Structures are given as C-alpha cells and as structure tokens.
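From first to last, the protein sequence lines stand for chains F and X. Counting from 1416, one number per residue, gives the positions in the first sequence under our numbering. Counting from 38, one number per residue, gives the positions in the second sequence under our numbering. Yeah, the Cβ is synthetic: ideal placement off N, Cα and C, and Gly gets one too. Every value quoted in this text rests on a predicted model; they were computed, and no experiment measured them.
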Amino acid sequence: MSLKRVWALIKTEVFHGPKDVVFVMAVVMPVLLALFVNLAFGEIFTDRAKLGIYDEGNSPIVSRLQSVESIDIEIYYVEADLRAATASGALDMGVVLPADFDNGLATGTVRLKAYVWGESLARNRSVIPIAIADAVRGMTGSELPVNIETVALGDESSLPWSDRFLPLIVIMAVFLGGMMLPASSLIHEKQRRTLEALNVTPATIGDIFIAKGIIGAVLAIVMGVLTLAISTSFGSSPLALVLVLALGAIMAVEIGLILGAYIGDINTLFAFWKFGGLLLFGPAIVFMFPQIPSWVGYIFPTFYVIRPVTDMTVMGLGFGQVALYVWILVAIVAVMGLAVTSVVRRLSTQALRLNS
Amino acid sequence: MTDKSIIVENLTYNYGTLVAVDHISFEMGTGEILGFLGPNGAGKTTTVKMLTGQLLPQDGRAILLGKDIARETQAARKHIGVCFEQTNLYEQMTALDNLQLFAELFGVKEFDGYALLKRVGLEGRERDKVSNYSKGMKQRLMVARSLVNRPEIIFMDEPTAGLDPVSSEAIGNIILEERDRGATIFLTTHDMWEADKLCHRVAFVEQGKIAAIDTPRNLKQLYGKRSLIAEVMSGAGLEKREISMDTPDTARSVEKLFEKEKVVTIHSEEATLEDIFIKVTGRRLTE
C-alpha cells in the first residue's frame, strides 16, 4: 500500500466523486430522520427536565428549585392534579413536599414522595434528584441524605419514542454512508471502466479499496455523531461511543466494499438495500418494539453496534458494562476484514467484472 | 531495437472451456512497434490484459523489461502506459485533473499537464470537463493519459477506432514520436492501413494463436503477389489487363501489351495486409 497513492485517490473521490442520489441519501436522510423524530417525539427544543411540585407546607425549597436552570418547575395545588400530570407525561417527575418538610430538614431527615413518568428520559430522571439534593444542601449547609419514595406511573419499562428510534437513526446514518457510498463508488468506477484504468497504474486494488473505505468510514462516523448530537444522546462515555461508531462504520464499509466488488449496477445495489435492510436494521426494530423477544436481536451482526450505543446513550451505562458487546463487534469486524482481503486478492488476479 | 522489452512464452488463458489465448510466444525489441491484428474474439484483449497484469496467465509467462508481470506486477506497471479502446476517463473532471491524478498515481514529479495536452492538440481546453469533449478529443486525452509516466512500453488498443482522419493522423504521429523516443509500442488494431504504415512487425491472431508474425514487407513477399494493372482502350471501351510481376517473362509481357494495345493507364499493385490476413487465416478482419 502506498499512502501517497491512497491520498491521491481520496482527493479525487472527495472533490470529483459522484454526488448522486446515494451521496445525498447518506448525508441528508439520517439528519432529516433524526430531526423529525426529535421534533415529533423528543425534546429537541425543550430539553430541560420537567418537575411538578405539590407543596403542603409552603417550603422555601420551592423558590430554590425554581432558580435551577436545568429544570422547568410547575406548581400544583392538588396532589391528584400532580399525579395526573405525571401520568400523562406532562412532567418527568412530580414531587410531594409534606407539611413538615422544613422541620424534617432541621432533624436531618428528608423524606419525599415522587411520582415518576414511566417513559421519561433516563437523563431527566437523574437530573431532578440531583437538583433537589443541591437545593437541600443550600438550605441546610450540609449533606443530608434525601430519601425519595418513587411511584412509577405508566409503563416503567417502556421508553420514549425518541429513544426507541435512536438505534434506527444511528444505524441508518452509519450504514448509509459507510456501506452505500463505497459500494456505489466502486460500481460507478466499474460501469465507467475507470477502475480498469486505475488497475494498470502502480495503484493496487487494495489502495483503491482503502481510499474508498476511508471516505465511507469518515462519513459514517461523522453522520453517526451528528445524529447523536441532534438527539442530544451522548451518554456518560462519549469517547467510547465514538469508538463503537467507528467499529460500526468499519463494518459498514467492509460490507459496502464486498457489495461494490460483486454488484454490477446501482439498481441491484438499491434492491439489496431494500432486502438486506431487514438484516441490517433488524436489531433496531427489536429495540423499537419491546414485545419482540430481545434474543432475536443477538443473531444480527449490527446488534453489536446498536446494543452498546443504546446502552451508553439511553441507559446511561459506562464502557465497562458494554465491553463484551464491543469485543464481539471487534471480532466481527476482523472476520469481515479477512473477507475483504480475500476479495481484493481475487480481483487482483482475475479480470475485473466490468459491464460492457 | 537492441534489447528485448517484451518476452512472451507460451502465454495461455481459458475462460472456462473457451480457449482465449493458446500458448502464444513472441518477443519485442526496444523501440519496436508491433501490430497485433485479429478479428473480434481472436484473443487480442485477453493478451493485453495478461501483459498489463490485469489477468494472471494460466500457463506461460510474460517478461516486461526483465520483470515477470505476474510476479512483479506493480514494479512493471511503473514503466508501462495503457490506452484502452473504450473511453474510461473521469468525465466529471477536467482533462488536466485526469492527467494529474494519474501522474500522482505513477509518482511523477514536476508533471506538466499543459505540455502533454498541447502535444495531443488539446491546448486551450485543459480546464474543460471531459464530458464536454468530442469523441476524438477524448481519445486524444486517453493517449495523453497513457503517456503521463513517459512509459517504456505502451499498449494501445484500437487507438484510432471510429475517429475522423485528422484525429487518427494526430494519434498516428504521436505513436511515431513515442517510437522515436525509444518506447516499445504494442498496437492492436483492425486498421490494416494504419498497421502497415506504423508497425515494424505485425502479428496475425486467430482463435488465440499467432498465425503469422513478420514485417509487413516480408508478409507481402511471402504470401502476396505483385502485378501491373493496365487500362487499355478497346472497341468496347476501357478494359483491365493484369500482368504478374513475379514471373520471368514480365518484361516481355509489358512490351507486348504496349505493342498490341492502346494503354491508357498503368500502375503496379501489391497485396494489402488485409489480403494477406485472409490468405493466412481464411477470415476477414472485420466480420
């Protein structure tokens, strides 16, 4: 492999490569889908947690909480209204401050009852208790344990639709760019016979594949990060998240290069996208509908991209808790890398499949 | 023409049961132009693919500039240029960008694309997109692209097919200039006149085998006949008379013709490569 030759091919691809429907799809579709989902189901414009308060004793903590910028406060005068608002999803959490709340602070005992909306974002569920604990510390000047007795309303196990769509959006962003771009680029080169011209220069088929793969992988990672940014879902381990996206992008590129090597025209590529989409997006569909047994997802290779991403973004898990999935993903990427190498060797010694 | 630039020994390739190239052997000297002539399906393109490292020979070997193309493919490719029959340029790029890309792939330092484009008659159109070029201009750009690395061996596959006479002549002149520079040129063509004019030697290829290989002159002498064609005025108008030049009494026959007939025109005629090809292979080149 020659870095100079790979760089020359990358420059040509970036500045003069086909800006066709595949490229537009790869760049525009994931962004549009992410925007749509977040506008329709998410909190793209109201990303602050919503806390309702029913205060039986007129506590000064309410005014303290009202000054916290990261949460929206709504005051309720009847507990039943607070509960109803939480159950409907208007609030992420509804807190009942008992009449003796301030006395409790003086004795060092803080007990609260809170209604929690089952579909609230994990991020919001964690922000509110932290804000309450900060407010208590501000009033007492000490670290008092805050015991919150939660009452879940609605389906606690269910997720908001914006979170359910996230795996689909991410996998589409990664695979449209990572898989379709190198595949369509190779097909174009074959159809226009420019691959034949490159193949009689010192540039190897490996150089050509690497150049197209790098472009696809970079675009896939950028689009993956962009869709997560639109969905404000970076979790607590953003670097680990980018690592998983990068591995997913490499997997997508590997599939794209193999497809590009053997598929003769763009129509067939799109046919594969339609049919093969089920294989690629299967785990995302499983995630979207909890009624489907979760083991179904394990049989799809893309599951090992989706699972760590959703665990880190939606569930807020750390890298250590998803490491097993990431190692399986590394193994899949390595095996597919061997497959791509085999294809490159085959193409290097046999006539390129060119459409005449 | 001193050293051997190309040595081909028993080169063979089959597509399944179809024998495309059948144990062909030949050599080319440095600075030689070899015309590889044959009808469609004769095995010309498969031979070129093996010689340029696009196909791995199933038997035999090809040595280019001392390098086995199957084993030292990349090293050999640095010194070859290929001009394809079918246009395969990056049409969305300018002519200059096309050449620049290939110059970078060949690792050419201080490449002057303008000079090369001027040489093929494309000056003033360097920054036009190739998609706006005519067929003749694209073919000239293809020729230019095959020269970016100043190759020692140039493979040209039907470089003038379907071109107007002006473009054909321009490309013919470039081939001769490259020969003068010392490049070895492997030329496949259907155009017997072009082959006769440009090539030191021609090879007739039929069904994957070389049926004959020699200089055009030798082939004509070996397989052709020379004659004098005269037009004479008779009572019925102009008539043709043919006198063989390869018999001992040619001079006497000519004398008799002038004595007995009213000769209007007379000229010599020799066999064309097309005639020789038919005689050797039993087929026309363009069937």
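CB contact flag (residue i, residue j, <8 Å)
i	j	result
ARG1608 (chain F)	LEU142 (chain X)	no
ALA1626 (chain F)	VAL1589 (chain F)	no
PRO1582 (chain F)	ALA1661 (chain F)	no
GLY1472 (chain F)	ALA1514 (chain F)	yes
ILE43 (chain X)	ILE212 (chain X)	no
ILE1623 (chain F)	VAL1755 (chain F)	no
ILE1665 (chain F)	VAL1748 (chain F)	yes
ALA1632 (chain F)	VAL1668 (chain F)	yes
ILE1602 (chain F)	GLY1671 (chain F)	no
THR221 (chain X)	GLY103 (chain X)	no
Short CB-CB distance (under 8 Å) between residue i and chain F
i	result
THR318 (chain X)	no
THR287 (chain X)	no
GLU141 (chain X)	yes
ASN51 (chain X)	no
PHE121 (chain X)	yes
ILE217 (chain X)	Note that residue 217 (chain X) corresponds to Asp in the displayed sequence, not to Ile. By this cut-off, ASP217 (chain X) is not an interface position.
THR89 (chain X)	yes
GLN95 (chain X)	no
LYS115 (chain X)	yes
Burial state of residue i, where buried means 16 or more other Cβ atoms lie within 10 Å
i	result
VAL1750 (chain F)	exposed
GLY274 (chain X)	exposed
ARG1760 (chain F)	exposed
MET38 (chain X)	Below a pLDDT of 50, predicted positions are generally treated as unreliable, and MET38 (chain X), at 44, falls in that range; no measurement from the model is reported.
GLU214 (chain X)	exposed
PHE1460 (chain F)	With a pLDDT of only 48 at PHE1460 (chain F), under the threshold of 50, the placement of this residue in the model should not be trusted; the figure read from the coordinates follows. Classification of PHE1460 (chain F): exposed, given that the 10 Å Cβ count is below 16.
ALA1550 (chain F)	buried
ASP286 (chain X)	exposed
PHE295 (chain X)	exposed
VAL1659 (chain F)	buried
GLY1491 (chain F)	The question names Gly, yet the displayed sequence has Tyr at residue 1491 (chain F). With 16 or more Cβ atoms within 10 Å of its Cβ, TYR1491 (chain F) is classed as buried.
MET1416 (chain F)	exposed
PHE139 (chain X)	buried
ILE182 (chain X)	According to the sequence displayed, residue 182 (chain X) carries Arg and not Ile. The residue in question, ARG182 (chain X), is buried, as its Cβ has 16 or more Cβ neighbours within 10 Å.
ASN135 (chain X)	buried
LEU1695 (chain F)	buried
LYS1689 (chain F)	exposed
PHE241 (chain X)	buried
VAL1566 (chain F)	exposed
Residue-chain proximity (residue i, chain X), Cβ-Cβ < 8 Å
i	result
ALA1686 (chain F)	no
VAL1436 (chain F)	no
ASN1614 (chain F)	yes
ALA1632 (chain F)	no
ASN1770 (chain F)	Confidence is the limiting factor: at ASN1770 (chain F) the pLDDT is only 38, short of 50, which leaves the residue's position unreliable, though a coordinate-based value still follows. It does not; no Cβ of chain X falls within 8 Å.
PRO1716 (chain F)	no
LYS1419 (chain F)	yes
ALA1676 (chain F)	no
PRO1617 (chain F)	yes
THR1609 (chain F)	yes
ALA1626 (chain F)	no
HIS1431 (chain F)	yes
Contact set for residue i: own chain, Cβ-Cβ below 7 Å, skip 5 residues either direction
i	result
VAL269 (chain X)	GLU276, ARG278, GLU298, LYS299, VAL300, VAL301
LYS257 (chain X)	GLU307, ALA308, ILE313
ASN1539 (chain F)	ALA1464, ASP1507
Proximal residues to residue i (C-beta, below 6 Å), its chain only, five neighbours per side dropped
i	result
PHE1580 (chain F)	VAL1452
SER290 (chain X)	ILE280
LYS1528 (chain F)	VAL1511, GLU1564
MET179 (chain X)	CYS120
Beta-carbon proximity list for residue i, same chain, < 8 Å, skipping 5 on both sides
i	result
ASP251 (chain X)	ARG238, VAL239, LEU259
MET1703 (chain F)	ARG1579, PHE1580, PRO1582, LEU1583
ALA232 (chain X)	GLY72, LEU74, LEU224, THR226, VAL239, PRO253, LEU310
LYS234 (chain X)	GLY209
GLN244 (chain X)	VAL56, ASP59, ALA79, GLY80
LEU1568 (chain F)	ARG1498, THR1501, ALA1502, TYR1530, VAL1531, TRP1532, GLY1533
MET229 (chain X)	LEU74, THR309, LEU310, GLU311, PHE314, LEU322
Minimum Cβ-Cβ distance from residue i to chain B less than 8 Å
i	result
GLN129 (chain X)	Of the chains in the structure shown, none is chain B; the protein chains are F and X.
Check whether the region 173-187 of chain X and the region 116-129 of chain X are in contact - that is, three or more C-beta pairs closer than 8 Å.
Proximity of the region 173-187 of chain X to the region 116-129 of chain X meets the contact definition, three or more beta-carbon pairs being nearer than 8 Å.
#### Entry: Three or more C-beta pairs below 8 Å linking the region 149-167 of chain X and the region 189-197 of chain X
The region 149-167 of chain X makes no contact with the region 189-197 of chain X; the number of CB pairs closer than 8 Å stays below 3.
> So, do the region 109-120 of chain X and the region 1612-1619 of chain F have three or more beta carbon pairs nearer to each other than 8 Å?
Replying inline: Put simply, the region 109-120 of chain X touches the region 1612-1619 of chain F. At least three CB pairs are less than 8 Å apart.
Q) Is there contact here, the region 56-72 of chain X with the region 103-117 of chain X, by at least three beta-carbon pairs under 8 Å? A) Pairwise C-beta distances place the region 56-72 of chain X out of contact with the region 103-117 of chain X, as fewer than three of them are shorter than 8 Å.
Please determine if the region 239-249 of chain X and the region 91-98 of chain X are in contact, where contact requires at least 3 C-beta pairs separated by less than 8 Å. Because the criterion of three Cβ pairs below 8 Å is not met, the region 239-249 of chain X and the region 91-98 of chain X do not touch.
Can we say the region 1540-1550 of chain F touches the region 1463-1482 of chain F, given the rule of at least three CB pairs closer than 8 Å? Segments in contact, yes.
Stretch pair the region 1507-1523 of chain F + the region 1463-1470 of chain F: three plus CB contacts closer than 8 Å
Enough Cβ pairs lie closer than 8 Å, so yes.
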